[in-house]
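First to last, the protein sequences are chains A and B. Mapping of the first sequence onto our numbering: position 212 corresponds to residue 220, and the numbering continues sequentially without gaps. Mapping of the second sequence onto our numbering: position 5 corresponds to residue 36, and the numbering continues sequentially without gaps. Remarks on the structure that follows.
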Amino acid sequence: MAQSTRDAYGHVLETEIYKNPDVVVVDADIASSTRAEKFKNKAPERFFNVGISEQDLLGTAAGLAAVGKIPLAGSYALFTERGFEITRNSICLPNLNVKIIVSHGGLTIGSDGATHQAVEDLAIMRSLPNLTVINPSDAWETEEAVKAAIAHKGPVYIRLGKDAVPDIHESGSTYHWNKGEILRDGSDVALIGTGRMTAEALAAADTLAQEGIQAMVINMPTLKPIDADLIEKAARQTGCIVTAEEASVIGGLGSAVAETLVRRYPVRQEFVGIQDTFGESGSSADLLKKYGLTAADIVAAAHKARET
Amino acid sequence: MTNEELTHRAAEVRSYVVKMLAAAGAGHPGGSLSIVEILQVLYGEFMHVDPQKPHWPDRDRLILSKGHAAPALYATLMLQGFFPEAELWQLRQCGAMLQGVPDMNRTPGIDMSTGSLGQGLSAGNGMALGARLDHAAWHTYVLCGDGEIEEGIVWEAAMTSAHFKLDNLTLIIDHNKLQLGGTTEDVMNIMPIDAKFRDFHWHTITINGHDFTQIKSALQEALAHKGQPTVIIAETVKGKGVDFMENNKEWHNKALDAKDAATALKELGGEG
C-alpha cells in the first residue's frame, strides 16, 4: 500500500493526537494541504489559523509553548523558511516545545515549481541548536515520529511529503527515537536513505544484488542528532557509502554522514541529492529523473563509490 | 503604591540602569530609561507575580519585545525580589544570569526570551490563546518600541490579536520617537499609530508614559475592555531623567563612561 506522509500525519492527528489536551495546532491557512485540518475536525477549539503569515505562525506557537501547550505548527516546508529567524530566536534559542511539522518537502510538490520546492530546509534546520530534525520515509514512520516528537520535550522539525510513497515498514515495527535502522544487510556498499529516497535505496539494492553486489540499506529518518554509531558500523562493514536525499547535497543527510565519517572512519562517499540547484515545474517522475533522484542514480553512485 | 512611592522607585531603577550600563560598558540607555514608569506601575500595581515562585502558572506575563531595554526590567525585577542585586553587576558578562537581552531560561521573572525586534506580540498572542484555552484569568502584557513596529511581523500579529479578540492581552508601545538612525518620522514614518491599530480592530489609548496616574488608568481601562485587544500608546522621552540623554539619539546605544555615569547619577538623586 502507498500513502503520503502528510496523509499519515492527518491520520494520526485524527485518531490519536487530538486526544492529548495539551496539543494545539497552529496553521497559516494551508491545513487542507498539510492535512492539519484533520485535527481541526476533532478539536476545533485547539486549532488556530493565523492566516497567511508564517512568521506569526511560528511566533504564536512559541508563545503557546511558553505557557505549557504543545503546539504543532506548520506550512509547506518552503514557506516555513520565511519564519527562519522566528524559529531560531523564539523557538530554538529558548528551547521551547514547538513541533514544526511541514509538508511538501523537496521537489515533488505538484508542479508549482521552484518557488515552492524546499531543497535547502534540511540544511537550514540542521544548523539550529536544540532542534531535532526528522524526515520520515513512509506512513508508519510518520505516525510514530509525530507521536515520539510530542513525547519529546523540545523543538522538533518534521518534514513530510505530498506524494504517496511505498510502505517500507510493517505496521507492527518498533520506532527508535533518534536512531537509524538497517533494512537490508550487505557488505559491498552501504546505501543510506532518508525520506522517500529510502524506498529508492531499497530498489537500488535489488538491482545491485542482481549484479552480485550485496548492499546494506539504512533508513535514516533523523538527520539531527545523527546516528553516528550506525554510520560508523556501515563504513567499517562495507568500506563505501552512498547517501540519498530529496534535498540539496549541501548540508543535509549527505553532509551529516560525511561529518561523521571524517571524524570516525573515513571511507569513500557518493552524494545522491539535488546538486546545488533550484527545481522547476514538472511531474514527480520527471523531476526525480532529471535531478538524479532515482534508484538508477543510486546504483550508478554505488558503482562509483566502489571504485578505488 | 502611591504615586510618591512609585516616583521613588522609578528614581531607584534609573540609578540602577545607569550603574549597570556603566559597569557593563555597553547597552542601551535611552530606551531603558523611557519605560521605567510603565514597568513600575506594571510590577507595583498590576502584575500578579510571585518572586519566590517565578514559574507560578497563574502569574501574569510580561514580554519585553524591545529586549534591548532589559536593564530597566532587570532592575525592576531585582527590586521585586526575583534575584539578588549582585546579579546586576554581571550584566553582559560571559556566563551571567543577566544577558544583554532577556533570556527566559537564565533569569527568574523573564517570561519570554526576546531581543530580536518584532517577535514579542506573536508570542504574546500564543500566551493569550493558551490562557483562554485554560479558562485562566491571568493577563499578558507586551511592551514594544515605536521603531519596532516597522517590523512586518508586528502587523501580522496585530491582525491575529484582533481576529481572536484577545482582550486578555495588552500591548504597550513606548513611543519615544527615536531609533538608532534618527527620529522615527525621518527613518520610517510610522504615524499615525493609533489610527493604524484602530483600523486593525484594536482598542487604543494614548497617554503620557511618564505619568503614573495616566498609566494606571490606561491599564485599568485595558483590563476592563472586552472583545478587543488594547494598545496603550505611551508618549515617552528617550533617555528620560538624565538631561544629557533626553531626546538624544546618540544615547540609543552608547556606553556610559565613569564621568557620564557620575553626572547622570547626580541628577537622578545624589550619589555619584
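Each residue gets a CB set at the ideal place from its N, CA and C atoms; glycine is no exception. These figures come from a predicted structure and were not determined experimentally.
{"query": "What residue does the beta strand (DSSP E) around A:Glu278 start on, and which one ends it?", "result": "276 to 282"}
{"query": "Quick check: the Cα distance between B:Ile224 and B:Asp177, rounded to an integer number of angstroms?", "result": "9 Å"}
{"query": "Could you tell me the alpha carbon to alpha carbon distance between A:Ile78 and A:Ala70, rounded to whole angstroms?", "result": "10 Å"}
{"query": "For chain A, check one thing: does any of its Cβ atoms lie closer than 8 Å to the Cβ of B:Gly157?", "result": "yes"}
{"query": "In the DSSP assignment, the beta strand (DSSP E) including A:Pro79 goes from what residue to what residue?", "result": "78 to 82"}
{"query": "If we count the other Cβ atoms within 10 Å of its Cβ and call it buried at 16 or more, is A:Glu208 buried or exposed?", "result": "buried"}
{"query": "Within a Cβ cutoff of 7 Å, which residues of the same chain sit near A:Val106, ignoring the five residues on either side of it in sequence?", "result": "Ala69, Ala70, Ala73, Pro79, Ala81, Ile99, Pro163"}
{"query": "So if DSSP puts A:Gly201 in a beta bridge, which residue, or which two residues, is it bridged to?", "result": "A:Asn227, A:Ala252"}
{"query": "B:Ala188 versus chain A: which residues are under 7 Å apart at the beta carbon?", "result": "Asp64, Gly67"}
{"query": "Mind listing, in chain order, the continuous alpha helix (DSSP H) runs of no fewer than 4 residues lying wholly within the segment 32 to 113 of chain B?", "result": "34 to 55, 60 to 64, 67 to 72, 101 to 111"}
{"query": "At a CB-CB cut-off below 8 Å, which residues of chain A make contact with B:Asp177?", "result": "What B:Asp177 touches in chain A: nothing, since even the nearest Cβ is about 19 Å away."}
{"query": "Which chain A residues are close to B:Asn199, counting only those with a beta carbon under 9 Å from its beta carbon?", "result": "Under the 9 Å cutoff, chain A gives no residues; its nearest Cβ is about 12 Å from B:Asn199."}
{"query": "In or out: B:Val262 buried (at least 16 other Cβ within 10 Å) or exposed?", "result": "buried"}
{"query": "For B:Asn136 and chain A, any beta-carbon pair shorter than 8 Å?", "result": "yes"}
{"query": "When you compare each of A:Phe55, A:Ala10, A:Asp129, A:Gly76 to A:Phe286 by their alpha carbons, which one comes out closest?", "result": "A:Asp129"}
{"query": "Under 8 Å between beta-carbons, which chain A residues line up against B:Ser153? List them in chain order, please.", "result": "Gln63, Asp64, Leu66, Gly67, Thr68, Ala70, Gly71, Ile94, Ser98"}
{"query": "Rank A:Arg167, A:Lys27, A:Leu216 by C-alpha distance to the C-alpha of A:Thr42 and give the top, closest one.", "result": "A:Arg167"}
{"query": "For B:Ile180, which residues in chain A fall below 9 Å Cβ to Cβ?", "result": "Within chain A, no residue comes near B:Ile180; the closest Cβ sits about 14 Å away, beyond 9 Å."}
{"query": "I want to verify the contact list: residues of chain A whose CB lies under 8 Å from the CB of B:Thr191, in sequence order.", "result": "Val58, Gly59, Ser61, Asp64, Thr68"}
{"query": "Taking the straight line between their C-alpha atoms, what separation do you get for A:Val173 and A:Glu254?", "result": "13 Å"}
{"query": "Assuming A:Ser263 is part of the alpha helix (DSSP H), what are its boundary residues?", "result": "261 to 272"}
{"query": "Which residues share a DSSP beta bridge with B:Asn239?", "result": "B:Glu266"}
{"query": "For A:Gln222, which residues from the same chain have a beta carbon less than 7 Å from its beta carbon, with the 5 sequence-adjacent residues on both sides left out?", "result": "Gly194, Ser195, Asp196"}
{"query": "Comparing the CB of A:Gly287 with every heavy atom of the ligand SAM, is any distance shorter than 7 Å?", "result": "The ligand SAM is absent from the structure shown, which contains no ligand whatsoever."}
{"query": "Express the C-alpha separation of A:Ala51 and A:Glu22 in angstroms, rounding to a whole number.", "result": "9 Å"}
{"query": "Residues of chain B with CB under 9 Å from A:Pro102, in chain order?", "result": "Asp134, Met135, Asn136, Met143, Ser144"}
{"query": "Give the straight-line distance between the Cα atoms of A:Arg204 and A:Asp146, rounded to the nearest whole angstrom.", "result": "7 Å"}
{"query": "Kindly say whether B:Leu184, judged by its beta-carbon, lies nearer than 8 Å to any beta-carbon of chain A.", "result": "Here residue 184 of chain B is Ile; the residue named in the question, Leu, does not match the sequence. Judged by the 8 Å Cβ criterion, B:Ile184 is in contact with chain A."}
{"query": "Using DSSP with H/G/I as helix, E/B as strand and the rest coil, what is A:Cys100?", "result": "helix"}
{"query": "Starting from the C-beta of A:Gln11, find all residues in its chain whose C-beta is less than 6 Å away, skip the five residues before and the five after it, and write them out in chain order.", "result": "Ala147, Ala172"}
{"query": "Hey, out of A:Thr140, A:Thr230, A:Gly260, A:Ala252, whose CA is closest to A:Tyr299's CA?", "result": "A:Ala252"}
{"query": "Taking 6 Å as the limit between beta carbons, can you name the residues of its chain near A:Leu86, skipping five residues before and five after?", "result": "His124, Ala126"}
{"query": "On the premise that B:Tyr172 lies in contact with B:Ile203, defined as a C-beta separation below 8 Å, what is that separation, rounded to the nearest angstrom?", "result": "7 Å"}
{"query": "By the 9 Å beta-carbon criterion, what residues does the segment 85 to 115 of chain B contribute toward chain A?", "result": "Pro88, Arg92, Ile94"}
{"query": "Ends of the beta strand (DSSP E) at A:Ala10?", "result": "10 to 12"}
{"query": "Spell out a yes or no on whether the segment 193 to 207 of chain B and the segment 232 to 245 of chain B are touching, meaning 3 or more CB-CB pairs, one atom from each, closer than 8 Å.", "result": "yes"}
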